[in-house]
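Engineer:
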Amino acid sequence: MNYIYDILANFNDSFYDFYDWNENDHIIHIKKLPVIKVKTDFLINVKYNDVNVDNRLIEKIYRRCDFFNESKNNYSYVCSLCDGREAIIVSFDSNGNVLGKSDLLIDEGNEVIDICDSMDVSDYSISVKDVVFYDNFKTRRECKINSFILKELDNMSYDKLKYLYFDCFNEQEDDIKKILIRIFDEIKNNFDMVYLKIYDFLKLTSINK
Numbered sequence: 349m350n351y352i353y354d355i356l357a358n359f360n361d362s363f364y365d366f367y368d369w370n371e372n373d374h375i376i377h378i379k380k381l382p383v384i385k386v387k388t389d390f391l392i393n394v395k396y397n398d399v400n401v402d403n404r405l406i407e408k409i410y411r412r413c414d415f416f417n418e419s420k421n422n423y424s425y426v427c428s429l430c431d432g433r434e435a436i437i438v439s440f441d442s443n444g445n446v447l448g449k450s451d452l453l454i455d456e457g458n459e460v461i462d463i464c465d466s467m468d469v470s471d472y473s474i475s476v477k478d479v480v481f482y483d484n485f486k487t488r489r490e491c492k493i494n495s496f497i498l499k500e501l502d503n504m505s506y507d508k509l510k511y512l513y514f515d516c517f518n519e520q521e522d523d524i525k526k527i528l529i530r531i532f533d534e535i536k537n538n539f540d541m542v543y544l545k546i547y548d549f550l551k552l553t554s555i556n557k
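Count along the sequence shown starting at 1, add 348, and that's the number in the numbering used here.
(1) Confirm, please, whether the CB-CB distance from Ile437 to Leu501 is below 8 angstroms.
(2) Run through the DSSP bridge pairs and tell me what Phe440 is partnered with.
(3) Under the rule that 16 or more other beta-carbon atoms within 10 Å means buried, what is Val476, buried or exposed?
(4) Helix, strand or coil, according to DSSP, for Tyr511 in the structure here?
(5) Using CA atoms only, rank isn't needed, just tell me which of Leu512, Asn417, Lys385, Asn445 is closest to Leu356.
(6) Express the C-alpha separation of Asn350 and Phe496 in angstroms, rounding to a whole number.
(7) Do the CB positions of Ser439 and Val383 come within less than 8 angstroms of each other?
(8) Tell me which same chain residues have a C-beta within less than 8 angstroms of the C-beta of Ile555, skipping the five on either side of it?
(9) Within 7 angstroms: the Cβ of Ile493 and any heavy atom of the ligand GTP?
(10) Work out the CA separation of Phe390 and Tyr425 for me, nearest whole Å.
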């Protein structure tokens, strides 16, 4: 078994690049972490989707990870997965379901890649339970704002939608379908141009409900 030592992890349900970590995140200081070299498609599926992995992998990494200030009981199945080009850290449950995933700091990720250079690829099976859409071009905050916007628009009254449309585009429109199509299209294709205006409007209207 190959290991990397003295690294940081920030487990979340979704994968966030290290530069998108927040100050109030629970950063875990890992003393010793097993490194597993896997195929690229395996790594990508674990990184972005809701998956279940081969029990052979779970058995291999059981309690192999040591921590500075955390109990092994809370993190019994943790490892770094690497395909030779990029690396992530993953925490599983005993059934092979992903509990959390984390990026690595640049130097630590490069160290894992160096370790994997002399390793053979382990071929583990994987089952994709749900394909999760992930936008590589949005920050963590922008993804949360996008989710909030879509949820609020889905429950917004006709009058508020008309007002929002006018506020965003300086045009009057009475057709509810045209309003929603235009707003959703702008969110999808011109997010940086409209999201703050829409977000501020929705925050105000949600407070005043």
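Beta carbons: idealized from backbone N, C-alpha and C, even for Gly.
Structural biologist: So, from the data block:
(1) In the sequence shown, residue 501 corresponds to position 153, counting from 1. In the sequence shown, residue 437 corresponds to position 89, counting from 1. Not a contact, by the Cβ cut-off of 8 angstroms.
(2) Here the question's residue 440 lines up with position 92 in the sequence shown. In DSSP, Phe440 forms a bridge with Tyr425, Val446.
(3) Your numbering for residue 476 matches position 128 in the sequence shown. It is exposed - the Cβ of Val476 has fewer than 16 other Cβ atoms within 10 Å.
(4) Along the sequence shown, one-based indexing puts residue 511 at 163. In the structure shown, Tyr511 sits in a helix (DSSP, three-state: H, G or I).
(5) In the sequence shown, the residue the question calls residue 356 occupies position 8. With distances taken between Cα atoms, Leu356 lies closest to Asn417.
(6) Sequence index remark: in the sequence shown, residue 496 carries index 148 (1-based). Sequence index remark: in the sequence shown, residue 350 carries index 2 (1-based). Using only the alpha carbons, I get a separation of about 42 angstroms.
(7) To locate residue 439, count along the sequence shown from 1; it is residue 91. To locate residue 383, count along the sequence shown from 1; it is residue 35. No, the Cβ-Cβ distance between Ser439 and Val383 is not below 8 angstroms.
(8) To locate residue 555, count along the sequence shown from 1; it is residue 207. Here the model assigns Ile555 a pLDDT of 44, short of 50, so the residue's position is not dependable and the matter cannot be decided.
(9) Of ligands this structure carries none, so the ligand GTP is not represented either.
(10) Position 77 of the sequence shown, counted from the first residue, corresponds to residue 425. Position 42 of the sequence shown, counted from the first residue, corresponds to residue 390. For Tyr425 and Phe390, the distance between alpha carbons rounds to 17 angstroms.
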